[in-house]
Amino acid sequence: MINQATLLRKMKELSGGQLQDEFLKNLWLQCLPSQIQAVLSVSSETLDKLAEIADKVADVALPTAVYSATSAPEPNTSTEIQEIAKQIVYVAAPK
1 MINQATLLRK MKELSGGQLQ DEFLKNLWLQ CLPSQIQAVL SVSSETLDKL AEIADKVADV
61 ALPTAVYSAT SAPEPNTSTE IQEIAKQIVY VAAPK
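In full-length UniProt numbering, the protein residues as written are 1 to 95.
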């Protein structure tokens with residue numbers, strides 16, 4: 001995952017210096033996770049300092065674990081029907 005300072009640096013490069021810092025800041029903030037946006041939105045630091053802060057906040061506030069989900073295998077309907085039929089025969093058998 002790209003860190004916040006790298007994202008800002010790349011946005012600056014792509015803008016070719018044509019964007020004012022305040023406008024670039026607003027664009028950049030919109031790309032960040034909401035937890036980081038909340039922290040940075042109340043700061044009056046320079047844009048580069050905000051990028052440093054954003055990286056530090058991300059290190060402590062954002063989860064880094066990767067989770068994966070797998071679906072259960074599809075049951076074999078035919079086999080299930082046979083099992084149920086065997087159980088019915090067993091229960092219905094005279095004792």
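C-beta: ideal position from N, C-alpha, C; glycine also.
For the pair of segments examined, the region 52-61 was found not to touch the region 14-26: the number of CB pairs separated by less than 8 Å stays below three. DSSP places Ala-51 within a helical segment (H, G or I) once states are collapsed to three. Shown here, Val-42 sits in coil according to DSSP, grouped into three states, outside any helix or strand. Between the region 38-48 and the region 77-89, the count of Cβ pairs shorter than 8 Å is below three; the stretches do not touch. In this structure Ala-5 is in contact with Ala-54, their Cβ atoms being roughly 7 Å apart against a cut-off of 8 Å. Pairing Leu-40 with Leu-29 gives a Cβ-Cβ distance under 8 Å. Going by C-alpha positions, Ser-34 is about 16 Å away from Leu-7. For Lys-86, the enclosing alpha helix (DSSP H) begins and ends at 77-92.
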